[in-house]
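Note sheet for the following structure.
Protein chains: 2
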Amino acid sequence: MSKVQPRTLSGFMELLPARQIQFDTMVEILRESFSLYGFTPLDTPLIEASDVLLAKGGGETEKQIYRFMKGDSDLSLRFDLTVPLAKYVALNYSHLAFPFRRFQIGKVYRGERAQRGRFREFYQADIDIIGDGKLDSSNDAEIPAIIYRTFTALGLRRFQIRVNNRKILNGFYAMLGQTRKATDIMRTVDKLDKIGEKSVRDLLTGEEIGLTELEAAEIMKFIRISGTNEQVLESLEEYRGRNEVFDEGLNELTVVARNLKAFGVPAENFALDLTIARGLDYYTGTVYETTMLDHPEIGSICSGGRYDNLAEYYTDKQLPGVGISIGLTRLFFVLGDQGYLNENLNTAPTDALILPMTDDLGPAITLATQLRGQGIRTQLYTEQKKFKQKMTYADKIRVPYVLILGEEEISQGVCAVKDMRSGEQVKLSYEEAAALIQTGLAQLNQGTPIQDKGAAQD
Amino acid sequence: MSKVQPRTLSGFMELLPARQIQFDTMVEILRESFSLYGFTPLDTPLIEASDVLLAKGGGETEKQIYRFMKGDSDLSLRFDLTVPLAKYVALNYSHLAFPFRRFQIGKVYRGERAQRGRFREFYQADIDIIGDGKLDSSNDAEIPAIIYRTFTALGLRRFQIRVNNRKILNGFYAMLGQTRKATDIMRTVDKLDKIGEKSVRDLLTGEEIGLTELEAAEIMKFIRISGTNEQVLESLEEYRGRNEVFDEGLNELTVVARNLKAFGVPAENFALDLTIARGLDYYTGTVYETTMLDHPEIGSICSGGRYDNLAEYYTDKQLPGVGISIGLTRLFFVLGDQGYLNENLNTAPTDALILPMTDDLGPAITLATQLRGQGIRTQLYTEQKKFKQKMTYADKIRVPYVLILGEEEISQGVCAVKDMRSGEQVKLSYEEAAALIQTGLAQLNQGTPIQDKGAAQD
């Protein structure tokens, strides 16, 4: 028979078993972390009607969308988890309790140009808090705590959550009489990390934006405000009273900074950063970015912010919200690339591999059933192979314990338990074997999926 | 602004929060159950190249496939999890250890005619054990144990795993000299439950199949073999020695039946059933169906079997396997329809809802952080609303505990804990509150997602 070459599409991540377990462990930690903060899981379809999904239009994104006809239906694959959330909340408004806190971890699709580290199918992990009409700004203050808890649980240490408030920026540019140019200015200032201060200043005073040297200096002075959170807030207080929007933003930012300690976020993992603007059309208040201190070149690994109106394309209801998103597939790829994935993580598909050495499988099955009854993941290896091949299999799946059941063991009511890491082998009753394995697993399963080398001094 | 009507496509299940948590609980139990038997999780792309996905062709299924062009690429959405597995194993053959045991729980797509209870996007939950060249038949014997464990953990009681072996059927029809007509006969016999014995007999002796009355009687006698497992095997032994394939099938079926008890499957949840044939082109040995005893009209809720060659369209490697599949979305729908979903399951998105009654949120945040540190899912409710509205919110999300923090409580270093089920309210220290909640949750979270009314007498 002629064969079809098996292949996976470029831009689609497909993992080998050990890596898949590592990825799933990350997803599991995200779920647990989001749940701990009272977010409810949501699962929306991958496919939506194109007019619903593209209600907002999309510019750049629109070209990337997987859009097709099925019969008479014009369909599209979702390209983020925000539009489906907006649809969901508008559609189910009367059934939901507000603030509505939901998380969703799911695949989204963008037909980007194929290149290393870019994915066309990728997981996003989103949380959002949606208010009905209003949403208290203390919700914004909780987000850094969730980011901190999540990344810490994954094993990351050297990261920084950077926070700003769009109202402070808008208010500041209004003070300068530059409201009309604010978007251009922010877009330019956003490049500071990449192109440096001199180039930003040149662009600001250049033909296109056309600020005076004095105005540019004023802006540079403003965005260079830094120091501890207290120092930043103190410097910002000097601008208070000149613009209402600015003052409102400063109040909100103060709420975020003030409650950090009670929320358990250490000062070193947090910074007020006036250079951050993000998603210029969408965010209206607090904005967040998260960077890896030892790899700033990766960019933000968790971003988001406050918006005024989630679902304006579907409903007249005013639905303000605050949320963050993690590009999980890209993060996983980058972490692997930079050597952050914990190679000592237990990625065995099973905890105990039973090798029956007799034709009668009865005792081996009884042992397996008993171990499983105690929550130990157990596999029976019953293929007709040489002992050495069986042990090669055990090595290959990296199983921590091999249990050998020969006639002698069966007659004595015991099994031979081999600890595959130490190489030690002991004969134990079934109960003792289960206890030994459980003790070993408790230790073995302590690792986090990420191992932060930068935190070696901890 | 003119609005787009928010809607979800017909045939796409989208659940409200409480139902979603119930669904997720089922998925979590499946993952845990499959893991317990040493299956490794896999996650393959939703989209594949059409020539890869349709290597086998597809007849009926092919028309239902979501197939489209993106640029120059001819793409299709997966319609099951078996073809992607075949591709994966062929592609990654040298990296895998065999037997390769994998589970996958994921969405698949079929553009079926829209009607109640039919889904175009639905979850399948599959497990498969793939051998390299050979696969011992003791693997077939383990499958009923996995089915039993899985459905029991979900809360189902009154179900029956029905097992047959295609070799027994093929061998039997060979004995009758009817190998050529075997497929037609099996297809007819498969209708026994639906159309009754008389109609089956008429079809067998009808123009199309054209058996004699004697042959039809012989077949009816054979498929009517029933009784305990021992009785069925005994009856089958009478046919032994007349056909090699039959004998092989009988040996395999005997292995499955003999080890049931050691595998922990009660006799009442299992039956040898010679009427089962299933997937006539694909399965070659053991076949499984699982039916709900009180709702046979639903049909099989978990089916599968043994096949000779998983990936013949991609590779010359012989890869025999055995597997089962659960159509999870349809099962969930049907269970809901029949009143099997446990309405007492704890589907609250959070365990504790904190209501701060002071402007300073510090103490409330400290309490929330402390509860979360102990694994209690906690939400801060900080909206400016009347107390009554806050309690309405608590009722609506069905949170089990509300914690009230007023000035008095803060000055005393306590919080008022209200058990929302009993209505009782007590003042406790933060530590005592955490302990109370954890004790309550241990009890509250015991329920299974399915509640089997048929098992009320248990």
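Chains as they are written, first to last, in my numbering: chain D, 37 to 494; chain R, 37 to 494. Built from N, CA and C at the ideal position, the CB exists for glycine as well.
Open item on the list: At a CB distance below 7 Å, what residues from the segment 125 to 141 of chain D approach chain R? Give them in sequence order.
Closed with: The segment 125 to 141 of chain D vs chain R, Cβ under 7 Å: Ala-126, Leu-127, Asn-128, His-131, Ala-133, Pro-135 and Arg-137.
TODO: Evaluate contact between the segment 357 to 373 of chain D and the segment 154 to 173 of chain D, counting only Cβ atoms and requiring at least three cross-stretch pairs below 8 Å.
DONE: yes
TODO: With DSSP as the reference, please indicate the residues paired to Cys-451(R) in a beta bridge.
DONE: Position 415 of the second sequence, counting from 1, holds the residue named residue 451(R). In DSSP, Cys-451(R) forms a bridge with Leu-464(R).
Open item on the list: Quick check on the burial criterion: 16 or more other C-beta atoms within 10 angstroms. Buried or exposed for Asp-494(R)?
Closed with: Locating residue 494(R) in the second sequence gives position 458, counting from the first residue. Bear in mind that the predicted position of Asp-494(R) carries a pLDDT of just 44, short of 50, making it too unreliable to give a figure here.
Task: Inter-residue Cα distance where the pair is Ile-390(R) and Pro-135(D) - done: In the second sequence, residue 390(R) corresponds to position 354, counting from 1. In the first sequence, residue 135(D) corresponds to position 99, counting from 1. Straight-line Cα distance between these residues: approximately 14 Å.
Task: Inter-residue Cα distance where the pair is Asp-226(R) and Gly-341(R) - done: As a position in the second sequence, residue 226(R) is number 190, starting the count at 1. As a position in the second sequence, residue 341(R) is number 305, starting the count at 1. So the alpha carbons of these two residues sit roughly 16 Å apart.
- [ ] Using DSSP bridges, identify the partner residues of Arg-198(R).
- [x] Residue 198(R) sits at position 162 when you count from the first residue of the second sequence. Its beta-bridge partners are Ala-307(R) and Glu-325(R).
TODO: Grab the span of the beta strand (DSSP E) containing Tyr-437(R) for me, first residue to last.
DONE: Within the second sequence, the letter at position 401 stands for residue 437(R). Here the beta strand (DSSP E) through Tyr-437(R) covers 437 to 441.
Open item on the list: Can you tell me whether Met-105(D) is buried or exposed? The criterion is at least 16 other CB atoms within 10 Å of its CB, across all chains shown.
Closed with: The count along the first sequence starts at 1 and reaches residue 105(D) at position 69. The residue is exposed, with fewer than 16 neighbouring Cβ atoms inside 10 Å.
Task: Contact belief for Tyr-124(R) with Val-40(D) at Cβ below 8 Å, rounded distance in angstroms - done: Indexing the second sequence from 1 puts residue 124(R) at position 88. Indexing the first sequence from 1 puts residue 40(D) at position 4. In fact, because the Cβ distance is near 14 Å, the residues do not count as touching under 8 Å.
TODO: Please classify Ile-398(R): does DSSP put it in a helix, a strand, or coil?
DONE: Stepping through the second sequence from its first residue, residue 398(R) is reached at position 362. For the sequence presented, residue 398(R) should be read as Gly rather than Ile. Helix.
Task: Buried/exposed call for Val-462(R), threshold 16 Cβ in 10 Å - done: The residue labelled residue 462(R) in the question sits at position 426 within the second sequence. In summary, Val-462(R) is exposed, with fewer than 16 beta-carbon neighbours lying within 10 Å of its beta-carbon over all protein chains present.
TODO: Measuring only between beta-carbons, confirm whether Thr-118(R) sits less than 8 Å from chain D.
DONE: As a first step, residue 118(R) must be located in the second sequence, where it is residue number 82. Not one chain D Cβ lies under 8 Å of Thr-118(R).
- [ ] Quick one: give me the first and last residue of the beta strand (DSSP E) that Tyr-159(D) is part of.
- [x] In the first sequence, the residue the question calls residue 159(D) occupies position 123. Tyr-159(D) -> beta strand (DSSP E) spans 157 to 166.
- [ ] Figure out for me which residue from Ala-347(D), Ser-339(D) and Thr-428(D) has the closest Cα to the Cα of Arg-198(D).
- [x] Counted from its first residue, the first sequence places residue 198(D) at position 162. Closest by C-alpha distance to Arg-198(D), out of Ala-347(D), Ser-339(D) and Thr-428(D), is Ser-339(D).
Open item on the list: Residues in the same chain with beta-carbon distance under 7 Å from Asp-344(R), minus the five sequence neighbours each way, listed in chain order, please.
Closed with: The residue given as residue 344(R) occupies position 308 in the second sequence. The answer, listed in chain order, is Thr-320 and Pro-356.
Task: Counted within 10 angstroms of its Cβ, other Cβ atoms place Gly-242(D) as buried (16 or more) or exposed - done: Numbered from its first residue, the first sequence carries residue 242(D) at position 206. With fewer than 16 Cβ atoms within 10 Å of its Cβ, Gly-242(D) is classed as exposed.
TODO: Quick one: grab the DSSP three-state call for Phe-59(R).
DONE: Counted from its first residue, the second sequence places residue 59(R) at position 23. Reduced to three states, the DSSP call for Phe-59(R) is helix.
TODO: Please go through the same chain and pick out, in chain order, the residues whose beta-carbon is closer than 7 Å to the beta-carbon of Tyr-466(D), but skip the five residues on each side of it.
DONE: Counting from one through the first sequence, the residue named residue 466(D) turns up at place 430. Leu-403, Gln-406 and Cys-451, listed in sequence order.
Task: Residue-level contact to chain D via CB, Asn-175(R), 8 Å cutoff - done: Within the second sequence, residue 175(R) is the residue found at index 139, counting from 1. It does; some Cβ of chain D falls within 8 Å.
Task: Cross-strand partners of Thr-414(D) (DSSP beta bridge) - done: Working through the first sequence from its first residue, we reach residue 414(D) at position 378. BP columns for Thr-414(D) point to Ala-388(D).
TODO: Return helix, strand or coil for Met-393(R), following the three-state DSSP convention.
DONE: Position 357 of the second sequence, counted from the start, is the residue given in the question as residue 393(R). In the structure shown, Met-393(R) sits in coil (DSSP, three-state: anything other than H, G, I, E or B).
Task: Under the three-state DSSP convention, the category Lys-353(R) falls into - done: The residue you call residue 353(R) lines up with position 317 of the second sequence. If DSSP states are grouped into helix, strand and coil, Lys-353(R) belongs with coil.
- [ ] Taking only beta carbons into account, state which residues of the segment 291 to 306 of chain R come closer than 8 Å to chain D, listed in chain order.
- [x] Asn-295, Ala-298, Phe-299 and Gly-300
- [ ] Please say whether Arg-194(R) and Leu-329(R) have beta carbons closer to each other than 8 Å?
- [x] As a first step, residue 329(R) must be located in the second sequence, where it is residue number 293. As a first step, residue 194(R) must be located in the second sequence, where it is residue number 158. For Leu-329(R) and Arg-194(R), yes; Cβs fall inside 8 Å.
Task: Close Cβ partners of Ile-261(D) (< 8 Å) along its chain, the five nearest in sequence each way excluded - done: Counting from 1 along the first sequence, the entry for residue 261(D) is found at position 225. Excluding residues within five positions, the ones whose Cβ falls inside 8 Å are Val-268, Ser-271, Leu-272 and Leu-310.
Open item on the list: Is the separation between the beta-carbon of Tyr-437(D) and that of Lys-454(D) shorter than 8 Å?
Closed with: Sequence index remark: in the first sequence, residue 437(D) carries index 401 (1-based). Sequence index remark: in the first sequence, residue 454(D) carries index 418 (1-based). Yes, they are a contact pair.
Open item on the list: Using a Cβ-Cβ cutoff of less than 6 Å, which residues in the same chain neighbour Tyr-376(R) once the five nearest sequence positions on both sides are dropped?
Closed with: Here residue 376(R) corresponds to residue number 340 of the second sequence, with the count starting at 1. Excluding sequence neighbours, Tyr-376(R) sits near Ile-486.
Task: Helix, strand or coil at Pro-77(R) [DSSP, three-state] - done: Along the second sequence, read from residue 1 onward, the residue named residue 77(R) stands at position 41. Reduced to three states, the DSSP call for Pro-77(R) is strand.
Open item on the list: Can you tell me where the beta strand (DSSP E) holding Gly-142(R) begins and where it ends?
Closed with: Indexing the second sequence from 1 puts residue 142(R) at position 106. Note, Gly-142(R): beta strand (DSSP E), 136 to 145.
Open item on the list: Check whether chain D comes within 8 Å of Leu-72(R), counting only Cβ atoms and requiring the distance to be less than that.
Closed with: Here residue 72(R) refers to the residue found at position 36 when the second sequence is read from its first residue. Yes - at least one Cβ of chain D is within 8 Å of the one on Leu-72(R).
Open item on the list: For Glu-379(D), report the span of its alpha helix (DSSP H) as first-last.
Closed with: Here residue 379(D) refers to the residue found at position 343 of the first sequence. It is not in any alpha helix (DSSP H) - Glu-379(D) carries neither H nor E in the DSSP assignment.
Open item on the list: Let's test the definition: count the other Cβ atoms within 10 Å of the Cβ of Leu-371(D) and tell me whether it reaches 16, buried, or not, exposed.
Closed with: As a first step, residue 371(D) is located in the first sequence; it is residue number 335 there, counting from the start. Under this definition Leu-371(D) is a buried residue.
Task: For Glu-288(D), three-class secondary structure by DSSP - done: For this step, residue 288(D) is matched to residue 252 along the first sequence. Note: Glu-288(D) maps to helix in three-state DSSP.
Open item on the list: Please report the distance separating the alpha-carbon of Leu-239(D) from that of Leu-52(R).
Closed with: By one-based count along the first sequence, residue 239(D) stands at place 203. By one-based count along the second sequence, residue 52(R) stands at place 16. Roughly 50 Å between the two C-alpha positions.
TODO: Please determine if the segment 99 to 116 of chain R and the segment 45 to 59 of chain R are in contact, where contact requires at least 3 C-beta pairs separated by less than 8 Å.
DONE: no
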